[in-house]
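Report on the following structure.
Numbering (the working numbering), first residue to last: 1 to 772.
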């Protein structure tokens with residue numbers, strides 16, 4: 001084995017100066033061996049050790065085995081030529097230095113020797129120790145250099161060939177001079193399919209101009225690394241996306257070329273396309289979502305927001321981005337603590353209150369997920385403020401409906417009792433002297449019963465079970481008719497302003513009940529302005545509010561605005577509940593606004609309230625607009641307190657006390673009375689009665705047969721029979737939702753004897769029979 005194999009070049013040089021260098025002389029002349037040994041054994045060259053073989057075959061075996069550091073080969077070895085031995089050794093892979101020796105003229109043989117593979121050529125006739133030593137050392141030195149270069153190239157080639165990235169060497173015109181094995185693996189070509197072809201023939205036509213420009217730049221910038229991307233045609237006919245780094249490592253040398261390192265990024269490009277498509281789809285969903293969606297960074301700043309978020313937060317998207325979420329949290333909300341909990345938990349679902357400004361809050365359903373992207377967190381908010389308010393109104397309406405039903409039922413029975421109390425008290429008062437304690441006691445009973453009747457009337461109004469007598473009217477006329485009374489009611493320290501729309505549409509409502517609405521609201525506004533203020537009553541043609549379910553096509557609005565104390569949100573939520581009041585004990589029943597609410601609802605209208613503490617109150621009442629001629633709102637001349645008659649009246653009432661009172665009153669006025677406790681008994685009495693029947697006075701709700709059912713059966717037998725209904729609350733039998741049908745006559749309980757006598761006379765008409 002060669003002495004320097006596996007050792008570095010400096011180590012070999014040291015070895016050459018400190019150890020023996022083995023040299024083999026292949027020469028068939030023993031004298032030449034002696035002469036050569038003498039030259040090497042001189043004192044100056046004792047580091048060389050010479051061995052000798054005269055045979056061609058032995059010399060070739062020694063060369064193949066590479067057991068010596070250098071070989072001296074004679075030009076003629078027996079019948080064989082030394083050049084043949086050199087050629088055979090090279091063919092066998094020998095890389096050791098071989099020096100050819102000859103005794104002939106060397107001038108014409110030098111080139112042949114070098115071409116054959118020898119390291120040097122020496123003329124034995126002129127050989128001395130210096131020439132021999134110089135030739136041996138030079139040959140060994142060159143051999144060492146060559147082997148090191150060869151090993152370095154092998155290492156470099158192994159590295160290049162096994163890289164995952166491909167390597168190309170390109171000529172200055174773009175011709176492919178070299179392609180690594182990894183290049184062919186990436187592109188699918190054989191090496192011979194690439195070598196000699198122009199790189200630009202493989203580049204996509206759309207990418208070719210840019211690639212040529214960057215290649216030219218690389219040629220003109222020695223040492224600079226140029227990064228580019230282009231599509232390269234692959235062997236299967238498709239296109240590979242390549243990322244390419246080109247470097248001109250040869251600088252200003254004669255051979256101007258570049259080395260190109262290529263990397264297949266097709267999968268990355270495909271992933272990028274998929275990511276862009278997903279991002280496009282996400283953006284489309286993001287922007288089109290009805291719910292507010294925002295991306296927030298770790299620092300709680302908005303990074304992106306969709307249009308719904310801009311609408312919710314009431315800021316343009318450009319201004320919303322970079323806002324901190326802390327701005328929209330209530331002051332008492334522990335933002336940092338809750339944010340940390342959210343990040344650790346990874347998600348949040350629940351209700352949240354957004355603070356848009358000092359006076360505006362919005363309730364939202366919030367769904368949040370942390371780390372949807374690195375350092376980005378998604379918040380989805382749905383504004384449920386209106387829905388919650390609607391649900392609260394529905395719950396409130398259901399509660400008020402239940403209370404109304406209860407109140408109506410109580411009022412029905414209570415009105416029967418009050419009718420008996422009031423009637424009996426007044427009749428008893430007629431039999432007593434004008435003075436005395438008994439008379440005073442009766443007056444107190446009458447006053448108490450009257451107040452109780454007022455309360456039941458308000459309960460019926462709230463429960464929408466009172467009877468309305470609607471007329472087509474001008475709301476401006478109603479307001480003008482009550483203006484003087486309202487001014488006296490609210491006092492001189494409150495300024496009353498009316499603003500009537502000149503072309504106001506008409507409404508259909510009970511004028512008496514509208515006056516009741518104006519009175520109740522005016523009293524409420526007066527109490528809210530203890531130190532004075534302004535009450536504005538206005539009318540306008542208006543559209544129905546958005547929250548009104550199934551509104552009419554057009555509305556007329558009555559608006560009452562005051563500059564009073566205003567109301568809190570809690571007060572507004574209970575404003576129309578019966579018996580709810582903010583006034584001191586003894587200063588209110590809590591039925592005023594409940595009455596307003598009931599009248600409006602029973603009239604087919606809608607009511608809204610806008611108020612805040614310190615900012616006054618605006619109550620808007622919407623009534624359906626109608627296209628019909630105006631009705632008269634007068635009731636005609638009264639018939640006086642002494643109206644009497646002689647007609648026959650059928651009295652039907654299941655409540656004994658009420659029936660007795662009515663019978664006594666009617667008899668006292670001269671009428672003939674047929675008395676029955678129910679419908680069946682009334683029909684029997686009529687069938688047995690042989691005289692005329694002028695009027696049926698009947699309760700509406702009775703066990704077995706209702707008053708309207710009984711009256712209808714009698715009317716079939718006696719067409720034109722007059723009927724006067726009386727009841728403690730409205731009933732479907734006499735009018736839809738308590739609104740009287742045209743021509744239906746009704747007397748609301750509780751009533752006084754005077755009310756009964758006058759109403760009976762009105763229904764029967766003037767009595768011309770006997771001058772009564």
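Backbone N, C-alpha and C define an ideal beta-carbon position, used for all residues, glycine too.
Every value quoted in this text rests on a predicted model; they were computed, and no experiment measured them.
In the DSSP assignment, find the beta strand (DSSP E) that holds residue 52 and state where it starts and stops.
It spans 48–53 - the beta strand (DSSP E) in which residue 52 sits, taken as one unbroken run.
Going by beta carbon distance, what residues of the same chain come within less than 7 Å of residue 243, once the five residues before and after it are set aside?
Excluding residues within five positions, the ones whose Cβ falls inside 7 Å are 229, 263, 265.
Short check: CB of residue 96 to CB of residue 70, under 8 Å?
Residue 70 is positioned such that its CB atom lies closer than 8 Å to that of residue 96.
Residue 387 to residue 327, Cα distance in whole Å?
The alpha-carbon atoms of residue 387 and residue 327 are separated by roughly 24 Å.
Kindly indicate which three-state DSSP category residue 702 falls into: helix, strand or coil?
Under the three-state reduction of DSSP, residue 702 is assigned to coil, being neither helix nor strand.
For the 8 Å Cβ check, are there 3 or more pairs between the segment 212–226 and the segment 119–129?
Segments in contact, no.
Contact between the segment 599–618 and the segment 505–521 is defined here as three or more beta-carbon pairs at a separation below 8 Å; is this criterion met?
Two segments are said to touch when three or more pairs of C-beta atoms, one from each, lie closer than 8 Å; by this definition the segment 599–618 touches the segment 505–521.
Just to confirm, are residue 142 and residue 116 a CB contact at a threshold of 8 Å?
Contact: no.
Residue 648 bridges to which residues according to DSSP?
DSSP links residue 648 through a beta bridge to 672.
Residue interval of the beta strand (DSSP E) (run including residue 67)
It is not in any beta strand (DSSP E) - residue 67 carries neither H nor E in the DSSP assignment.
Would you call the segment 745–762 in contact with the segment 413–429, where contact means no fewer than 3 C-beta pairs closer than 8 Å?
Output reads yes: the segment 413–429 touches the segment 745–762.
Are residue 546 and residue 622 touching if we call contact CB-CB under 8 Å?
Not closer than 8 Å, so no.
Are at least three pairs of beta-carbons, each pair with one atom in the segment 648–656 and one in the segment 684–701, less than 8 Å apart?
Counting C-beta pairs with one atom in each stretch, the segment 648–656 and the segment 684–701 have three or more that are closer than 8 Å, which means they touch.
Classification of residue 346 by the beta-carbon crowding that lies within 10 angstroms, buried from 16 upward:
Within a 10 Å sphere around the beta-carbon of residue 346 sit fewer than 16 other beta-carbons, which makes this residue exposed.
How about residue 618 and residue 559: are their beta carbons less than 8 Å apart?
Contact: yes.
When the Cα atoms are used, what is the spatial distance from residue 23 to residue 101?
Taking C-alpha positions only, residue 23 is separated from residue 101 by approximately 14 Å.
So does the segment 165–174 actually touch the segment 76–86, counting three or more Cβ pairs closer than 8 Å?
Counting Cβ pairs under 8 Å, fewer than three are found: no touch.
Going residue by residue through the segment 267–294, where are the continuous beta strand (DSSP E) segments of at least 3 residues, counting only ones entirely within it?
Annotation: the segment 267–294 contains no complete segment of the beta strand (DSSP E) (minimum length 3 residues).
Going by C-alpha to C-alpha distance, which of 48, 80, 98, 34 sits closest to residue 776?
Residue numbering for the chain in the displayed model covers 1 to 772; residue 776 lies beyond these limits and cannot be assessed.
Quick one: give me the first and last residue of the beta strand (DSSP E) that residue 555 is part of.
Annotation for residue 555: the continuous beta strand (DSSP E) segment containing it runs 555–562.
Tell me which same chain residues have a C-beta within less than 7 Å of the C-beta of residue 612, skipping the five on either side of it?
Excluding residues up to 5 positions away in sequence, 566 lie with their Cβ nearer than 7 Å to the Cβ of residue 612 in the same chain.
Distance between beta carbons of residue 675 and residue 664, contact taken as under 8 Å:
So it is not a contact: roughly 11 Å between Cβ atoms.
How many Å lie between residue 253 and residue 219 at the Cα?
Note that residue 253 scores 47 on pLDDT, short of 50, meaning its location in the model is unreliable; the coordinates nonetheless yield the value given after this. Residue 253 and residue 219 have their alpha carbons spaced roughly 11 Å apart.
Taking 7 Å as the limit between beta carbons, can you name the residues of its chain near residue 721, skipping five residues before and five after?
Hits under 7 Å: 693, 696, 714, 715.
Buried or exposed: where does residue 447 fall if 16 or more other Cβ atoms within 10 Å of its Cβ makes it buried?
Exposure of residue 447 is indicated by the presence of fewer than 16 other C-beta atoms within 10 angstroms of its C-beta.
Taking the C-alpha atoms as reference points, what is the distance between residue 551 and residue 390?
Residue 551 and residue 390 have their C-alpha atoms roughly 15 Å apart.
Going by DSSP, name the residue or residues bridged to residue 229.
Per DSSP, 243.
First and last residue of the beta strand (DSSP E) that includes residue 234?
Residue 234 -> no beta strand (DSSP E), and no H or E assigned at all.
Looking only at its chain, what residues have a beta carbon closer than 7 Å to the beta carbon of residue 766, apart from the 5 residues adjacent to it on each side?
Sequence-distant Cβ neighbours of residue 766 in its own chain, meaning closer than 7 Å and more than five residues away, do not exist here.
By Cβ distance below 6 Å, which residues in the same chain neighbour residue 177 in space, the five residues on each side in sequence not counted?
Correct list, in chain order: 169, 171.
Helix, strand or coil at residue 599 [DSSP, three-state]:
Three-state result, residue 599: helix.
Quick one: what does DSSP say residue 45 is sitting in, helix, strand or coil?
Unreliable placement is indicated for residue 45, whose pLDDT of 48 sits below 50; no coordinate value is reported for it.
Given a cut-off of 8 Å on the beta-carbon distance, is the pair residue 497 and residue 523 in contact?
The Cβ atoms of residue 497 and residue 523 do not sit closer than 8 Å to each other.
Rounding to the nearest angstrom, what Cα-Cα distance links residue 303 and residue 180 in this structure?
Taking the straight line from one Cα to the other gives about 47 Å.
Between the alpha carbons of residue 337 and residue 164, how many angstroms are there, rounded?
The straight-line gap from Cα to Cα measures roughly 50 Å.
Please report the distance separating the alpha-carbon of residue 423 from that of residue 727.
The straight-line gap from Cα to Cα measures roughly 15 Å.
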